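See structure below.
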Amino acid sequence: MKKCRHPHVVRLYEVIDDRKNDMVFMVMEYLGGGEVKYANSNGEPLLRVDQTRRIMRDAILGLEYLHHQGIIHRDIKPANLLWTEGHDRVKIADFGTAHFSYAQRLAAAKASGSSTLLETEEDPLLLNDADLAKRAGTPAFLAPEIVWEHTKVAEGATPPPRPPVTKSIDILGFRRDVVLLIIRQYTVSS
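Last residue of the sequence shown: number 190 in the UniProt record's numbering, and the count goes up by one each step with no gaps.
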């Protein structure tokens, strides 16, 4: 994350690992505009159409960059989209549940024709994304792949396999944000 530089991703300056108190501190870029709010306390919309477009565009560009870097945010929701001081740009924030997927970074490099990662041995340990299937993030915004539990099956039958957990979980979170922006109310209780 410290190497990430993108106009729509909050910048991480430093990570401090306090082993004595079993805590990790992240020093990040300050964004004075606060979180994106879709409605006031009375449920009335706060955003104009041009602001809604800006938010969606900025979030898409930030997610595209993160996914190309192999970073899966895992908690895309309204509170993790922050305005810059002048409300001219939105950045993706809060990487506490993010996951670096070497396998997805490698796939992105291959898709873009980059050979920098291709020289690295495809180590099975690096390519293991099992941690992605663990529950992490805000419960109301979790993707179906994360909360999936197979239904009862007949004795002796094999349950269906768990759907793979990929960057699509961020796309689902973003889709919910788009719905919130367009209809300006929560579609899931948080």
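For glycine and all other residues, C-beta sits at the position ideal for the given N, C-alpha and C.
As the structure is a prediction and not an experimental result, all values here were calculated from the model.
Element boundaries [beta strand (DSSP E), containing residue i]
| i | result |
| --- | --- |
| Asp22 | Premise fails: Asp22 is in no beta strand (DSSP E) and is neither H nor E. |
| Lys91 | Val90 to Ile92 |
| Tyr13 | Leu12 to Asp18 |
| Leu82 | Leu81 to Trp83 |
Exposed unless 16 or more other CB atoms sit within 10 angstroms - verdict on residue i
| i | result |
| --- | --- |
| Asn21 | exposed |
| Val15 | exposed |
| Ser101 | buried |
| Val90 | buried |
| Asp58 | buried |
| Val165 | buried |
| Arg176 | buried |
Inter-residue spacing [alpha-carbon to alpha-carbon] between residue i and residue j
| i | j | result |
| --- | --- | --- |
| Gly34 | Gly62 | 17 Å |
| Val10 | Val36 | 14 Å |
| Ser41 | Ala79 | 15 Å |
| Asp50 | Tyr65 | 23 Å |
| Glu119 | Ala39 | In this predicted model, Glu119 has a pLDDT of only 48, less than 50, meaning its place in the structure is not dependable enough to derive any value. |
| Ala98 | Met26 | 13 Å |
| Glu85 | Gly32 | 4 Å |
| Phe95 | Arg19 | 20 Å |
| Tyr30 | Leu82 | 10 Å |
Delimiting residues of the alpha helix (DSSP H) encompassing residue i
| i | result |
| --- | --- |
| Arg57 | Val49 to His68 |
| Leu46 | First-last for Leu46: undefined, no H or E at that position. |
| Ala107 | Tyr102 to Ser112 |
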